[in-house]
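Count the sequence shown with my numbering and you get residues 1 to 537, in order. All residues carry an ideal CB built from backbone N, CA and C; glycine is no exception.
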Amino acid sequence: MLPPVWGQGNQLVERGTWNPHHATLPPRQLAAPLPLKTTRRQARHRDRFFSLPLSPLLPAAPKDRPFHATSPPRPAPPRYGGDLCSLRNHAAVAGPRPPPPAGSLVLKQYLRTIRIHLRMVIGLLAFENNQGLWNGGYYSQFFGIGGVMLTVAILCLSTGYFGGIGAPFAPYFWPYLDQFPKKKERQRPVRVYMDGCFDLMHYGHANALRQAKLLGDQLVVGVVSDEEIVANKGPPVLSMEERLTLVSGLKWVDEVIPNAPYEITEEFMNTLFNKYSIDYIIHGDDPCLLPDGTDAYALAKKAGRYKQIKRTEGVSSTDIVGRILQTFKHKDGVNDNAGAESSDQMKSQLSNFLPTSRRIMQFSNGQAPSPGARVVYIDGAFDLFHAGHVEILRSARQLGDFLLVGVHDDQGIRERRGCRPIMHLHERTLSVLACRYVDEVIIGAPREVSRDMITTFNISLVVHGTVAEGSSAVEVDPYALPKSMGIFQTVTSPKTITSVSVATRIIDNHEAYKKRNLKKKASEDKYYAQKEFVSGD
């Protein structure tokens, strides 16, 4: 025998045996005495009864006849009898619920739901005073002050008092929750990998890493070991330590893997995926072939974890080595007039870089110093950007909040050195902008630091390293004014490497690098002959 339940008009209803044609009993009259004790089965039905949700969107039952599933809807606005059981009967026989109201009607519906709950609580209290149902009745444990508190708790949870604006009677609204905006789940960052020799670091390397970073959230860079470079290309110009310093100094690099293999083998690919959590392997659109003619990234492409970027035109390590070999015929040819003429000829033949404002914007931070920031200024040629440049820029950046770098023009460098720089002004500007310690660059900065420059850029400190090249003994001190103002500081250069020393390494091994360039130049000429437009830079 299932526990009795009260229906519309106080009609007696037995759960599971209810018939809409039952006769209506007189108001406020019990048909049978309620048991004083509650069995387990009764308690289970009682708990299930009170845990079922109520829907405020159902039509009200007619007042003049028993509720029936086929009864026509009332034209009047929906109203309820005020007691919990009648609401439960409506929910039991109603059909599919319409979707929740949208827009400004949602708040109005929530307020209507609150009023219904309050009427239910008031009805229960009135029924307690008139009938004494709580004095040993069937639902004695759930009525009284405890029942009121439970009802208020359900009211608050269902209407979102403790969670902002919530949906009333959430179980009925679960199918429609996808219509509300959801907070985006935090996902693991996409990690991409790109490797290279990065010998004679230039703006082409930096632009490739910039494009690779755009394909993910974190960029991991592998620096190929010296042994792998010798086996596949020829002797490297820079050591592993110098190349690691250059790569780590780029603003787009998050992590560096030293001594990476030249070929993406299956073992190393599994190491990238499992140990370093790499999602994609990146390389340029130019072919990377092994000595046997096979593709170094064949396995990554087969695994579907390979992405391609656009190669930066106009510069390469092979191109730079060719410029150096044409500029300096021997080690002592740095101040030779023939070297200068050769440099002019070299520039017109080998410099294919086409500077654009868009490229400079891609490399620039695009931020001005904040009010009250300590602006530090350092200038130089920054030719053949090397590890010594990175270290001195890092030391200068630690002295202030904003690092402003002045890059001298080609003509001024030629007058001091006796030959043009290997890299022209715009190439050197991009190399400096790519450094993570640099905030802004003055393109073609004057040699002498003037008062107007200090005022215009609000310079707080002018620094200069202990290692310099191309200076003349009879030259006027370009830092005389900042020294007189007390804003000049000499910084000890962490490394003694210079652009001339890097060029000297190539001149000393002229034959080896000449042979290396002949082999690389043949593959590059083939690439340019078959080159097609690649979008997505």
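The three-state secondary structure of Asp292, taken from DSSP, is coil.
The beta carbons of Gly196 and Val224 sit about 7 Å from each other, so the pair counts as a contact at 8 Å.
Taking Glu448 as the centre and dropping the five residues before and after it, the same chain places the C-beta of Pro478 closer than 7 Å to its C-beta, in chain order.
Ala445 and Val432 have their alpha carbons spaced roughly 13 Å apart. His283 is the residue among Leu481, His283, Gln367 and Ala231 whose C-alpha sits nearest the C-alpha of Thr312.
If the five residues before and after Asn509 are omitted, its C-beta is found closer than 7 Å to the C-beta atoms of Pro235, all from its own chain and listed in chain order. Taking 8 Å as the upper bound for CB-CB distance, Leu246 and Phe198 are in contact here, some 6 Å apart. Here Gly222 carries a strand assignment [DSSP, helix/strand/coil]. As computed with DSSP, His408 is found in a beta bridge with Ala445.
The region 200–208 and the region 216–223 do not touch, with fewer than 3 CB-CB distances between them shorter than 8 Å. If you check the CB distance, Asp439 and Leu404 come in under 8 Å. The three-state reading of DSSP puts Pro494 in coil, since its state is none of H, G, I, E or B. Apart from sequence neighbours up to five positions away, the residues of its chain that approach Ala387 with a beta-carbon distance below 7 Å are Glu242, Thr245, Leu246, Lys495 and Ile497, ordered along the chain. Short of 6 Å from the beta carbon of Asn259, and not among the five residues preceding or following it, lie these beta carbons of its own chain, in chain order: Ser225. Counting along the chain, the unbroken alpha helix (DSSP H) around Ser395 starts and ends at Ala387 to Arg397. Going by DSSP, Asp379 is part of the beta strand (DSSP E) stretching over Val375 to Gly380. Between Leu290 and Asn207, the C-beta gap is not smaller than 8 Å, which leaves the two residues out of contact. Shortest Cα-Cα distance from Glu228 to any of Arg358, Ile422, Tyr262 and Ser484 involves Tyr262. Arg374 and Ala296 have their C-alpha atoms spaced approximately 48 Å apart. Within the same chain, Leu299 come within 8 Å of Glu266 by CB-CB distance, once the 5 residues on both sides are set aside. In this structure the region 457–470 touches the region 381–401; the number of beta carbon pairs closer than 8 Å is three or more. For the pair Val192 and Met361, the Cα-to-Cα distance works out to about 23 Å. With a threshold of 16 other beta carbon atoms within 10 Å, Ala512 falls short and is exposed. Boundaries of the alpha helix (DSSP H) harbouring Val247: Met240 to Ser248, taken from the DSSP string. In this structure, Leu430 lies near Arg359, with their beta-carbon atoms less than 8 Å apart. Among the bridge pairs identified by DSSP, Arg191 is matched with Gln218. Scanning its chain for C-beta atoms nearer than 7 Å, with the 5 sequence neighbours on each side dropped, one finds around Ala434 the residues Tyr203, Ala206, Leu250, Lys251 and Phe363, in chain order. If you draw a straight line from the Cα of Asp286 to the Cα of His408, it is about 33 Å long.
Counting along the chain, the unbroken alpha helix (DSSP H) around Pro482 starts and ends at Ala480 to Met485.
Looking at the backbone, the Cα of Pro482 and that of Phe488 are separated by about 5 Å.
Between Ile422 and Leu384, the CB-CB gap stays under 8 Å. Straight through space, the alpha carbons of Asp379 and Met194 are spaced by roughly 32 Å.
About 7 Å separates the Cβ atoms of Tyr280 and Leu215, confirming a contact at the 8 Å cut-off. Contact check for Tyr377 and Gly412: beta-carbon distance about 17 Å, past the 8 Å limit, so the pair fails to qualify. Per the C-alpha coordinates, the member of Ile278, Asp410 and Arg394 positioned closest to Ser493 is Arg394. Residue pairing from DSSP places Phe402 in a beta bridge opposite Val375.
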